[in-house]
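Here's the structure we're looking at; comments come further down.
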Amino acid sequence: MSGHSKWSSIKHQKGVADARRGQLFTKLTREIIVAVRQGGSNPEANFRLRLAIQKARDSSMPMDNIERAIKRGSGTLEGASLVEMVLEGYGPGGVAILVQALSDNRNRTSQDIRNIFSRSGGNLGESGCVAWLFDLKGLITVETNNLDTEELALQAIDAGAEDVKIENAYIEIYTKPEELEKVRAALAKQKNLSITSAELSMMPKTMVKLEEKAALQTLKLLDKLEEMDDVQHVFSNIDFSDAILEKYKAQA
Numbered sequence: 000m001s002g003h004s005k006w007s008s009i010k011h012q013k014g015v016a017d018a019r020r021g022q023l024f025t026k027l028t029r030e031i032i033v034a035v036r037q038g039g040s041n042p043e044a045n046f047r048l049r050l051a052i053q054k055a056r057d058s059s060m061p062m063d064n065i066e067r068a069i070k071r072g073s074g075t076l077e078g079a080s081l082v083e084m085v086l087e088g089y090g091p092g093g094v095a096i097l098v099q100a101l102s103d104n105r106n107r108t109s110q111d112i113r114n115i116f117s118r119s120g121g122n123l124g125e126s127g128c129v130a131w132l133f134d135l136k137g138l139i140t141v142e143t144n145n146l147d148t149e150e151l152a153l154q155a156i157d158a159g160a161e162d163v164k165i166e167n168a169y170i171e172i173y174t175k176p177e178e179l180e181k182v183r184a185a186l187a188k189q190k191n192l193s194i195t196s197a198e199l200s201m202m203p204k205t206m207v208k209l210e211e212k213a214a215l216q217t218l219k220l221l222d223k224l225e226e227m228d229d230v231q232h233v234f235s236n237i238d239f240s241d242a243i244l245e246k247y248k249a250q251a
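Just so we're aligned, residue 0 is where the sequence shown starts under numbering that gives the first Met the number 0, counting upward by one.
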């Protein structure tokens, strides 16, 4: 399992996701705007837009907000010009960190991210320094509740999933990027199934474990990066133990 996914699960349990709903809507809006500018405003012909809209709906974003974001992206409503950025660096202990951002001011965002790395015991690197450690995959997270996890895993594989990992409270389903939408749609037809998220994710090829102090420091770094409005996604190759995550949750 990716460190990012495990950390996202802990944040969800803490209720942080609800506390930051306004910030989440800002990030979702930006994703829709950029998707429209790149591929047009018709979801049927724009995979990235379909995915962004579905993610917004899964996060209970009002349809008015979604439609307004589409109009901004298509130019019928005015809005700031956004550029996509990918920044790469190293956290405490040398763990790889990949940051995806959308910004109306590239220099400001780069400097803000650089400062967070520096203050947290890491450093921002050159383009390409850690990207090779990650593969682009589709990632679907499903809450297990009282489901038969083995049966669900088989259904996911039958629908086209590449791999399935079963955790205590949820299941992670991995797909090829182009198969994400198909697998999600197949699973969505199942009754009593709660799909927490379905998104394209940079998955680490290998995982790194750190001693407690460095691991907690890295968690703080990831959290600060994700708090930035301009940052859309943060990925790392750190493997957090349950004990470390619980200790950080207790401190937060």
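Heads up, the beta-carbon is just placed ideally off N, CA and C, and yes, glycines get one too.
key: Contact the region 229-239 vs the region 88-108: 3+ CB pairs below 8 Å   = yes
query = With C-beta atoms as the reference, is residue 38 less than 7 Å away from residue 47?
reply = Along the sequence shown, one-based indexing puts residue 38 at 39. Along the sequence shown, one-based indexing puts residue 47 at 48. Against a cut-off of 7 Å, the Cβ pair of residue 47 and residue 38 comes out as a contact.
Residue 190, buried or exposed, once every other Cβ within 10 Å from all chains shown has been counted against 16 = Here residue 190 refers to the residue found at position 191 of the sequence shown. So residue 190 counts as exposed.
message = Helix, strand or coil, according to DSSP, for residue 122 in the structure here?
response = Translated into positions along the sequence shown, residue 122 becomes position 123. Note: residue 122 maps to strand in three-state DSSP.
task = Specify the secondary structure class of residue 136 as computed by DSSP and reduced to three states.
result = Here residue 136 is taken as the residue at index 137 of the sequence shown, counted from 1. Strand, per DSSP.
inquiry  = Within a Cβ cutoff of 8 Å, which residues of the same chain sit near residue 144, ignoring the five residues on either side of it in sequence?
reply    = Indexing the sequence shown from 1 puts residue 144 at position 145. Within the same chain, residue 144 has close Cβ partners 191 and 193.
inquiry  = Considering only the alpha carbon of each residue, which of 77, 30 and 122 lies closest to residue 83?
reply    = Translated into positions along the sequence shown, residue 83 becomes position 84. Ranking 77, 30 and 122 by Cα distance to residue 83 puts 30 first.
request  = Give, in chain order, every unbroken run of the beta strand (DSSP E) that is at least 3 residues long and sits entirely within the region 53-132.
outcome  = 82-89 and 95-102
query = Hey, would you say residue 50 sits closer than 7 Å to residue 121, going by beta carbons?
reply = Stepping through the sequence shown from its first residue, residue 50 is reached at position 51. Stepping through the sequence shown from its first residue, residue 121 is reached at position 122. Cβ atoms of residue 50 and residue 121: not closer than 7 Å.
key: Classification of residue 212 by the beta-carbon crowding that lies within 10 angstroms, buried from 16 upward   = Counted from its first residue, the sequence shown places residue 212 at position 213. Classification of residue 212: exposed, given that the 10 Å Cβ count is below 16.
task = For the beta strand (DSSP E) holding residue 237, just list the boundary residues, first then last.
result = Working through the sequence shown from its first residue, we reach residue 237 at position 238. No beta strand (DSSP E) contains residue 237, which DSSP labels as neither H nor E.
ask   = Is there contact between the region 108-115 and the region 143-159, where contact requires at least three CB pairs shorter than 8 Å?
value = no
key: residue 162 - partner residues in DSSP beta bridges   = For the purposes of this step, residue 162 is taken as the residue at position 163 of the sequence shown. Paired residue(s): 173.
query = Tell me which same chain residues have a C-beta within less than 7 Å of the C-beta of residue 169, skipping the five on either side of it?
reply = Numbered from 1 along the sequence shown, position 170 holds the residue referred to as residue 169. The answer, listed in chain order, is 8, 140, 141, 142, 143 and 195.
message = Can you find the residues in the same chain that come closer than 7 Å, C-beta to C-beta, to residue 102, ignoring five residues on each side of it along the sequence?
response = Working through the sequence shown from its first residue, we reach residue 102 at position 103. Excluding sequence neighbours, residue 102 sits near 81, 82, 84, 108 and 229.
query = For residue 180 versus residue 159, is the C-beta distance shorter than 7 Å?
reply = Translated into positions along the sequence shown, residue 180 becomes position 181. Translated into positions along the sequence shown, residue 159 becomes position 160. Cβ atoms of residue 180 and residue 159: not closer than 7 Å.
task = Please determine, among 69, 200 and 88, the residue with the shortest C-alpha to C-alpha distance to residue 127.
result = One-based indexing of the sequence shown puts residue 127 at position 128. Answer by Cα proximity: 88.
Beta-carbon contacts of residue 208 that lie in its chain and below 7 Å, excluding the five residues immediately before and after = Position 209 of the sequence shown, counted from the first residue, corresponds to residue 208. If we look at residue 208 and ignore the five residues flanking it on each side, its Cβ neighbours are 238.
request  = Using the Cα positions of residue 188 and residue 43, report the straight-line distance between them to the nearest angstrom.
outcome  = Taking the sequence shown and counting its residues from 1, the one referred to as residue 188 is at position 189. Taking the sequence shown and counting its residues from 1, the one referred to as residue 43 is at position 44. Using only the alpha carbons, I get a separation of about 20 Å.
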